[in-house]
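Numbering (our numbering), first residue to last: 60 to 527. Ideal Cβ placement from N, Cα and C applies to all residues, glycine included. Right, one structure below, let's go through it.
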Ligand code: BGP
């Protein structure tokens, strides 16, 4: 298969890591707004309100809110065909349970979409990218509570209706499968466990509520505009068995089950045997309410979007718990210890396409690295070019050799922004450098890195020219 002529090349961001203006024009607090900055490897501290003396990176992000024209002009200069961004839910519904939306918040996205469209750049919009309104967490217990489904749908209705003719590509929840993979799924589901709770039950319940919400959003979106393409979004952790021991092969399957759990429900429309077995393995219970099965069946997604950064190894360990490591002797690692594995992307795309047979979209991939600004202001990020070149070539192999239907590729953090894992600025992914440091100091000035010109050439040649 040839790479599509209308292949969606571009870059990806999320409001809480990029926009800033965290209270401007009526925006409410989101779960990201009470997460402190941190440094390499240390988990970010989470508060239940804003403490004046603390530094919260999302409050300013890199200020897309006031730089959107300049940034979009730079994306256009690189030749972006699409731009992935999220709408900050709490900009539209500041608390999350209001009856009517915040008009000022909507006006901001009117301007952003119009600006993108004026350059012919297709917006790709995530409805919930780690940005649940904080009030829904404190007052309702977040996605444990079924009421969130209705609040989310109210928000979707406003957004879908307003941008009916401006946005075609949507994603419901960013990395929804991390709800099960993470010890405490705060980013994904706004959940920190309470004393006495069975974490397995909470994860199963929150996941169910989010998947019903996603299915209802798909059904609603298609009514509002039948041309909408509404996707699921997973973190895709391609996993290898650590050895050829049959027990390790089984361990590899067990490690992937939580991921196919979401894939099966959102793409096939029902809880498959993989899902029911996973629930049993976790020691939890699933409660379906009347109508849920129909909703899930009718609300299957149009495509699957993934983030892809690294691969893991699974082994049976001592037989009690899976042993999962990123320590693969065949792979080099990034400065943040993430194994670099372009072939794993091709493997993952094949696995997903084999299983679900719907179009795929790589909406996140990239190298977090420390960039050095030379005295003359230039940034020679050859390491980033080398990383992206290999991943793009592997993506092309999946399309051209394996006939996998991939509709687009957006690099994560096409402009430097705040890291979600650590809250750092120095973990940079961008083609565009932003002058800001880990303490929040800097002019916010934008400048082009060497990779900027390289990616421009890749896009102009529809991925055929990846040379340095
Ligand atoms: C994904 C998120 C993104 C992004 C990326 C890189 O999990 O969807 O929001 O941040 O990871 O991670 P980090 O920012 O920790 O380097």
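Taking only heavy atoms of the ligand BGP into account, decide whether any of them is closer than 7 Å to the Cβ of residue i.
{"i": "residue 610", "result": "Absent from the model: residue 610. The displayed extent of the chain is 60 to 527, so no value can be given."}
{"i": "residue 73", "result": "yes"}
{"i": "residue 294", "result": "yes"}
{"i": "residue 396", "result": "no"}
{"i": "residue 479", "result": "yes"}
{"i": "residue 234", "result": "yes"}
{"i": "residue 551", "result": "The structure shown does not extend to residue 551, since the chain is modelled only from 60 through 527, so no value can be given for it."}
{"i": "residue 489", "result": "no"}
{"i": "residue 486", "result": "yes"}
{"i": "residue 76", "result": "yes"}
{"i": "residue 70", "result": "no"}
{"i": "residue 96", "result": "no"}
{"i": "residue 266", "result": "no"}
{"i": "residue 181", "result": "no"}
{"i": "residue 104", "result": "no"}
{"i": "residue 159", "result": "no"}
{"i": "residue 366", "result": "yes"}
{"i": "residue 423", "result": "yes"}
Which one of the options has the shortest CA to CA distance from residue i?
{"i": "residue 170", "options": "120, 182 and 443", "result": "182"}
{"i": "residue 511", "options": "320, 414, 133 and 109", "result": "133"}
{"i": "residue 178", "options": "142, 398, 392 and 207", "result": "142"}
{"i": "residue 479", "options": "101, 136, 88 and 432", "result": "101"}
{"i": "residue 308", "options": "359, 270, 375 and 289", "result": "375"}
{"i": "residue 121", "options": "72, 342, 138 and 469", "result": "72"}
{"i": "residue 248", "options": "288, 187 and 292", "result": "187"}
{"i": "residue 253", "options": "196, 314 and 436", "result": "196"}
{"i": "residue 220", "options": "282, 460, 393 and 496", "result": "282"}
{"i": "residue 204", "options": "315, 189 and 348", "result": "348"}
{"i": "residue 126", "options": "505, 526 and 295", "result": "505"}
{"i": "residue 291", "options": "216, 422 and 161", "result": "422"}
{"i": "residue 508", "options": "110, 351 and 440", "result": "440"}
{"i": "residue 246", "options": "130, 137, 93 and 176", "result": "93"}
{"i": "residue 542", "options": "442, 172, 131 and 185", "result": "The structure shown does not extend to residue 542, since the chain is modelled only from 60 through 527, so no value can be given for it."}
{"i": "residue 371", "options": "314, 359 and 341", "result": "314"}
Would you please state the rounded distance, in angstroms, between the beta carbons of residue i and residue j? I believe it to be under 8 Å.
{"i": "residue 262", "j": "residue 244", "result": "7 Å"}
{"i": "residue 320", "j": "residue 333", "result": "7 Å"}
{"i": "residue 124", "j": "residue 80", "result": "4 Å"}
{"i": "residue 6", "j": "residue 218", "result": "Limits of the chain in this structure are 60 at one end and 527 at the other, which puts residue 6 out of reach."}
{"i": "residue 419", "j": "residue 450", "result": "In fact, because the Cβ distance is near 14 Å, the residues do not count as touching under 8 Å."}
{"i": "residue 301", "j": "residue 373", "result": "6 Å"}
{"i": "residue 69", "j": "residue 139", "result": "4 Å"}
{"i": "residue 438", "j": "residue 492", "result": "5 Å"}
{"i": "residue 77", "j": "residue 476", "result": "5 Å"}
{"i": "residue 192", "j": "residue 227", "result": "Not quite, the Cβ-Cβ distance comes to about 26 Å (not below 8 Å), so this is no contact."}
{"i": "residue 369", "j": "residue 398", "result": "5 Å"}
{"i": "residue 135", "j": "residue 180", "result": "6 Å"}
{"i": "residue 337", "j": "residue 317", "result": "6 Å"}
{"i": "residue 95", "j": "residue 113", "result": "5 Å"}
{"i": "residue 279", "j": "residue 216", "result": "6 Å"}
{"i": "residue 444", "j": "residue 527", "result": "6 Å"}
{"i": "residue 238", "j": "residue 272", "result": "Between residue 272 and residue 238 the Cβ distance is about 12 Å, and since that is not below 8 Å, they are no contact."}
When you measure from the CB of residue i to every non-hydrogen atom of the ligand MG, does any distance come out below 7 Å?
{"i": "residue 427", "result": "No copy of the ligand MG appears in this structure; the ligands present are the ligand BGP."}
- Message: Using a Cβ distance threshold of 8 Å, determine whether the region 420-433 contacts the region 495-504, with at least three qualifying pairs required.
- Response: Touching, no.
- Message: Check whether the region 411-424 and the region 361-376 are in contact - that is, three or more C-beta pairs closer than 8 Å.
- Response: Inter-segment contact for the region 411-424 and the region 361-376 is present: three or more beta-carbon pairs are separated by less than 8 Å.
- Item | Inter-stretch contact (C-beta, 8 Å, three-pair minimum) for the region 368-384 and the region 322-332 | No, the region 368-384 is not in contact with the region 322-332.
- Task: State whether the region 210-229 contacts the region 248-267, with contact taken as three or more CB pairs (one from each stretch) at a distance under 8 Å.
- Result: No: the two stretches stay apart, fewer than three of their Cβ pairs being nearer than 8 Å.
- Task: State whether the region 444-457 contacts the region 84-91, with contact taken as three or more CB pairs (one from each stretch) at a distance under 8 Å.
- Result: Output reads no: the region 84-91 does not touch the region 444-457.
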